[in-house]
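Written out below as structure tokens is the structure these notes cover.
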Amino acid sequence: IMVLPRDGLKDENGKPLKYDRIFYIGEHDLYAPRDESGNYKRYEPLGDSYDDTLKLMRGLIPTHVVFNGKVGALTGDNALKAKVGETVLFIHAQANRDTRPHLIGGHGDHVWEQGKFSNPPARDLETWFIRGGSAGAALYTFLQPGIYAYVNHNLIEA
379 IMVLPRDGLK DENGKPLKYD RIFYIGEHDL YAPRDESGNY KRYEPLGDSY DDTLKLMRGL
439 IPTHVVFNGK VGALTGDNAL KAKVGETVLF IHAQANRDTR PHLIGGHGDH VWEQGKFSNP
499 PARDLETWFI RGGSAGAALY TFLQPGIYAY VNHNLIEA
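In the working numbering, the protein residues as written are 379 to 536.
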């Protein structure tokens, strides 16, 4: 849960910051057990998956990492849209793993990596760091039209 300050966001000098919209990005790591042939297992009832899933989770290597719950949740017709000149507040949460949000074609004008708005924001970050189990926020003003890809910049996992 991230609670925005009642008196609004402020820059490092205490000056008010405005935004036009908020985009929430939930980054989820999923653990889907496979059988000996590499096919995903099906369970009936679903509760029977508990033991296999728990064993897989203890290995700390997810089978899938997705934004907002599923593959393609933020692409194509589901893409988040902003107009040139609009300022967007990106809220990024990850329950279990550290992540490194990066807006390809943009950056974080003001970034609260730890999600604590009473702290001054960092400025002009290309990539920021969100600890597992927490949320962070970044403001960006779109200066040009185009497609801006929002990614986890932990490229070793790409």
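Where a beta carbon is used, it is the ideal one built from N, C-alpha and C, also for glycine.
Rounded C-alpha distance that separates residue i from residue j
i, j, result
"K461", "H488", "19 Å"
"I534", "D426", "33 Å"
"F495", "Y397", "14 Å"
"L452", "F520", "18 Å"
"S402", "A473", "One detail in the question is off: residue 402 reads as Tyr in this sequence, not Ser. C-alpha separation (whole angstroms): 14 Å."
"E504", "L467", "15 Å"
"F445", "G524", "21 Å"
"I469", "L438", "25 Å"
"G463", "H442", "35 Å"
"G416", "D407", "19 Å"
"G450", "K459", "15 Å"
"G386", "G486", "18 Å"
"L424", "P440", "19 Å"
"R384", "L395", "13 Å"
"K448", "A516", "23 Å"
Close-in-space but distant-in-sequence residues of the same chain around residue i (CB under 6 Å, 5 per side omitted)
i, result
"T477", "E405, I508, N530"
"E491", "W506, F507, G514"
"G484", "Y518, Y526"
"Y418", "A410, R412"
"Y421", "S427"
Own chain residues within Cβ distance below 7 Å of residue i, not counting five before or after
i, result
"L481", "Y518, Y526, Y528"
"V381", "none"
"T431", "Y409, P411"
"Q522", "V462"
"N532", "T477, R478"
"G493", "M380, S512, A513, G514, A515"
Range covered by the beta strand (DSSP E) that runs through residue i
i, result
"R501", "500-503"
"R399", "399-408"
"T519", "512-519"
"T465", "465-472"
"D487", "486-490"
"V529", "527-530"
"L481", "479-482"
Closer than 6 Å: residue i CB and nearest the ligand SAH heavy atom
i, result
"V466", "In the structure shown, the ligand SAH is absent, as is every other ligand, since no ligand is present at all."
Next on the checklist: To test your reading of the DSSP string, which unbroken beta strand (DSSP E) runs of 3 or more residues are found completely within the stretch 410-474?
Outcome noted: 442-445, 465-472
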